[in-house]
Amino acid sequence: MQHENWSIRTQVPESDAVYIKERKNSRRFASSRVFARVGMQIYERNKQDIEHVQQQNNELQQELDSVGHSNLSTESIQSRISHNTKLIEQLKKEMSEFIRAPFLRMVQNLEQLFIYDKFERARGFVMSEIQQMFGASGIRAELQKHFGNDFSQFTASNLYGKIADGSISDDLLFAVAKQHSEHVQQQEEQLEQFVQQTKQEFKQAVKEAVTNGWLPQEAENALSRIDDVTVCLQDKMEDILSSKLGDHSDTGKITVSNEQLQPKLLTRLRKTIFHELLHEIAGKSINIYTKQDNPLSSVHDLLSRKSGVVVKKYDSWEMKFNWLNEAITEWLAVRLSGYDDDQQENAYKGSTSYVDERKELDRLFDNGLLEQVVTSAYFENVNTNIPSEERNQHFIQLIDQVNAIEGRSGFMKLEHEFIMRDVERTLYGRYLICNADTARSISADYNQFEINVQVGRGKDSTIQKKLFFLAQPIDVGTEIISVEEQFKSVEKSFLYLQAVHGGKLHFETRRLH
């Protein structure tokens, strides 16, 4: 991830005005992600190009028909017509591929949505969106030709097959995508109104918390940062299986799922926006990277080196102490918003977000960690006006308090424990990976691989765990995926996790049988 020819121009915030200005310079993408939007754009562009090239061919054919009056030879005209005809076929192929690809991906995800229990919460919303997409009268009439008047054959597998083999026309798919895009535009307008109201409520809640003494003055001082925050919509149909409710980037773009716009979920959306706005006003240390492309222009890229208590690098995916940062952010978001509507079995104190992380934070509070120490570290700005020996004083105090509670290197040991949890969460969702007891109870028909995982190197903070990967050859119809190929995929996942966690993760593997 090293960025060549980039240099750190300065570190801010010297002031929030500088931070906001530079963030705007760095913001290149601030639009909603909508299902099939790219495919629609390519479809419309190519359709116009095809009409233009076809018109050229018509004119050339007229010249060919009256070649005696043309300045071009017959061979030259025929060559240009042939070239244009090939170009039209290429444009048609491209537009077809781009309009079909998102539908094929969506239908594949639909099948998984109804297989796995973990996606149960999203099923109702997704199906309502499907009905909206395919429910317009003109679209329904066309679909009845393929699935019967009563739509008894309108299943995910049948829909996939008819899209894949071209039975359903590109024009129909475009009409479905356009119908959905117009629906999402209405959702975007609804979201914009909701966001403006929520921003004001967030500001008021923070000011009251500062007045009451449980948030530091730095939190209120940073509220100007949220005025130009852009909140964009993440269309659930673009990524049906995603469980992410919201996201925040260093450039001041917040993304929230349109699933949360359901009336029954608006209080949760409000809490989600509170959570993302807290990332905005959290204490910052900003690096601005500049690349000079030519004497007249330069490209900016902005990174929050510190945001809250998370620390990042520009040339790495690693985010240190992210578990603690999200625990603090969600703790504050729930408290500021007053949200406690999540009553599911897996909820904790009214929220299903960052449950393990918040439980760990509460355990530290119960054992003597002071809330003021946590909030002071979270909202601590680190800028170049502060002498280097005085920077990060609140963050250092937070580490010292945790070490006093947990013992020597206790802060880093907690960090390593959550890295190990991230490894397990990532792998368990994709592969048949288990502990030793489960591996022994599994049929001997499975091939077994032992994976020794270690996080950290320090004597007092290292976390170790032994995992087992089980596999059989998989017949997917057109080919058989071997056990060895499956294991290579597992190893690639580990290499990715190594990069994410800055080389703190180490693993060794061996085949048992």
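One point on numbering: in my numbering, the residue at position 271 of the sequence shown is 253, and numbering is uninterrupted. Glycine included, C-beta positions come from ideal geometry on N, C-alpha and C.
Task: Boundaries (first-last residue) of the beta strand (DSSP E) holding Ala453 - done: As a first step, residue 453 is located in the sequence shown; it is residue number 471 there, counting from the start. Run containing Ala453: Ile445 to Ala453, per the beta strand (DSSP E) assignment.
Task: Span of the beta strand (DSSP E), counted from its first residue to its last, around Ser239 - done: Here residue 239 refers to the residue found at position 257 of the sequence shown. First-last of the beta strand (DSSP E) with Ser239: Lys235 to Ser239.
Open item on the list: Would Lys235 and Thr212 be called neighbours here (beta carbons separated by less than 7 angstroms)?
Closed with: Translated into positions along the sequence shown, residue 235 becomes position 253. Translated into positions along the sequence shown, residue 212 becomes position 230. Contact: yes.
Task: Selected residue, minimal CA-CA separation from Ala386, among Phe361, Arg407, Leu346 and Thr237 - done: Residue 386 sits at position 404 when you count from the first residue of the sequence shown. Checked all of Phe361, Arg407, Leu346 and Thr237; the closest Cα to Ala386 is Leu346.
Open item on the list: So Thr491 and Ile433 are supposed to be a Cβ contact under 8 angstroms. How far apart are they, rounded?
Closed with: Looking up residue 491 in the sequence shown gives position 509. Looking up residue 433 in the sequence shown gives position 451. Indeed, because the Cβ distance is near 5 angstroms, the residues count as touching under 8 angstroms.
Open item on the list: Quick check: the Cα distance between Thr420 and Lys448, rounded to an integer number of angstroms?
Closed with: As a first step, residue 420 must be located in the sequence shown, where it is residue number 438. As a first step, residue 448 must be located in the sequence shown, where it is residue number 466. C-alpha separation (whole angstroms): 12 angstroms.
TODO: Please classify Phe85: does DSSP put it in a helix, a strand, or coil?
DONE: The residue given as residue 85 occupies position 103 in the sequence shown. In this structure, Phe85 counts as helix in the three-state DSSP scheme.
Open item on the list: For Glu327 and Pro245, I'd like the C-alpha separation in whole angstroms.
Closed with: Here residue 327 is taken as the residue at index 345 of the sequence shown, counted from 1. Here residue 245 is taken as the residue at index 263 of the sequence shown, counted from 1. Roughly 22 angstroms separates the two Cα atoms.
Task: Close beta carbons around Thr504, own chain, < 7 angstroms, minus the five adjacent residues each side - done: The question about residue 504 has no answer here: the residues shown for the chain are numbered -17 through 495.
Open item on the list: Judging by CA-CA distance, which residue of Gln454, Glu171, Gln354 and Val192 is the nearest neighbour of Asp427?
Closed with: Reading the sequence shown from its first residue, position 445 is the one you call residue 427. Considering only alpha carbons, the answer is Gln454.
Open item on the list: Using DSSP's beta-bridge definition, name the partner residues of Asp229.
Closed with: As a working note, residue 229 is residue 247 in the sequence shown. Beta-bridge pairing links Asp229 to Thr237.
Task: Status (buried if at least 16 other CB within 10 Å, exposed otherwise) for Met109 - done: By one-based count along the sequence shown, residue 109 stands at place 127. By the neighbour-count rule (16 or more Cβ atoms within 10 Å), Met109 is not buried but exposed.
Open item on the list: With DSSP as the reference, identify every bridge partner of Val437, one or two as the case may be.
Closed with: Here the question's residue 437 lines up with position 455 in the sequence shown. Looking at the DSSP assignment, Val437 forms a beta bridge with Ile445 and Leu487.
Open item on the list: Taking the beta strand (DSSP E) that Thr212 belongs to, which residues open and close that run?
Closed with: Residue 212 sits at position 230 when you count from the first residue of the sequence shown. That run of the beta strand (DSSP E) goes Thr212 to Gln216.
- [ ] Take Arg15 as the anchor and find which of Gln172, Gln216 and Phe107 has the nearest alpha-carbon.
- [x] Start at 1 with the first residue of the sequence shown, and residue 15 comes out as number 33. Answer by Cα proximity: Gln216.
Open item on the list: For Leu42 and Ile63, which I take to be in contact (beta-carbon distance under 8 angstroms), what is that distance rounded to the nearest angstrom?
Closed with: Stepping through the sequence shown from its first residue, residue 42 is reached at position 60. Stepping through the sequence shown from its first residue, residue 63 is reached at position 81. Right, their Cβ atoms sit about 5 angstroms apart.
TODO: Starting from the C-beta of His483, find all residues in its chain whose C-beta is less than 7 angstroms away, skip the five residues before and the five after it, and write them out in chain order.
DONE: In the sequence shown, the residue the question calls residue 483 occupies position 501. Excluding positions up to five away in sequence, the list reads Glu300 and Ile401.
Open item on the list: Quick test of the definition: if touching needs 3 or more C-beta pairs under 8 angstroms, does the region 246 to 254 touch the region 321 to 340?
Closed with: yes
Open item on the list: Measuring only the C-alpha atoms, how far is Met(-17) from Leu479?
Closed with: Working through the sequence shown from its first residue, we reach residue -17 at position 1. Working through the sequence shown from its first residue, we reach residue 479 at position 497. In this prediction, Met(-17) has a pLDDT of 42, which is less than 50 and means its spatial position is unreliable; nothing more can be read from the coordinates.
TODO: Within the same chain, show all residues whose beta-carbon is closer than 7 angstroms to that of Lys144, passing over the 5 residues directly before and after it, in chain order.
DONE: Stepping through the sequence shown from its first residue, residue 144 is reached at position 162. Same-chain partners within the cutoff: His128 and Ile150.
- [ ] Identify whether Gln325 lies in helix, strand or coil by the three-state DSSP scheme.
- [x] Translated into positions along the sequence shown, residue 325 becomes position 343. Looking at Gln325 - three-state DSSP - the assignment turns out to be coil, as it is neither helix nor strand.
- [ ] Ignoring anything shorter than 4 residues or poking outside the region 15 to 91, list the alpha helix (DSSP H) runs there in chain order.
- [x] 19 to 47
TODO: Can you say whether Glu372 is buried or exposed, counting buried as having 16 or more other CB atoms within 10 angstroms of its CB?
DONE: Residue numbering aside, residue 372 sits at position 390 when the sequence shown is read from its first letter. Exposed: under 16 other Cβ atoms inside 10 Å.
Task: Distance between Met115 and Met77 (C-alpha atoms, nearest Å) - done: For the purposes of this step, residue 77 is identified with residue 95 of the sequence shown, where counting begins at 1. For the purposes of this step, residue 115 is identified with residue 133 of the sequence shown, where counting begins at 1. Computed Cα separation, rounded: 20 angstroms.
- [ ] Could you check if Gly485 is buried or exposed, using at least 16 other CB atoms within 10 Å of its CB as the buried criterion?
- [x] Position 503 of the sequence shown, counted from the start, is the residue given in the question as residue 485. Result: exposed.
Open item on the list: Helix, strand or coil for Phe184? Go by DSSP, reduced to three states.
Closed with: On the sequence shown, position 202 is the one that residue 184 refers to. In this structure, Phe184 counts as helix in the three-state DSSP scheme.
Task: Local Cβ density within 10 Å of Pro369, reported as buried at 16 or more and exposed below that - done: The count along the sequence shown starts at 1 and reaches residue 369 at position 387. It counts as exposed.
- [ ] Report the rounded CA-to-CA distance for His(-15) versus Ser231, giving the unit in angstroms.
- [x] By 1-based counting over the sequence shown, the position of residue -15 is 3. By 1-based counting over the sequence shown, the position of residue 231 is 249. Low per-residue confidence applies at His(-15): pLDDT is 48, beneath 50, and the placement is therefore not dependable enough to give any value.
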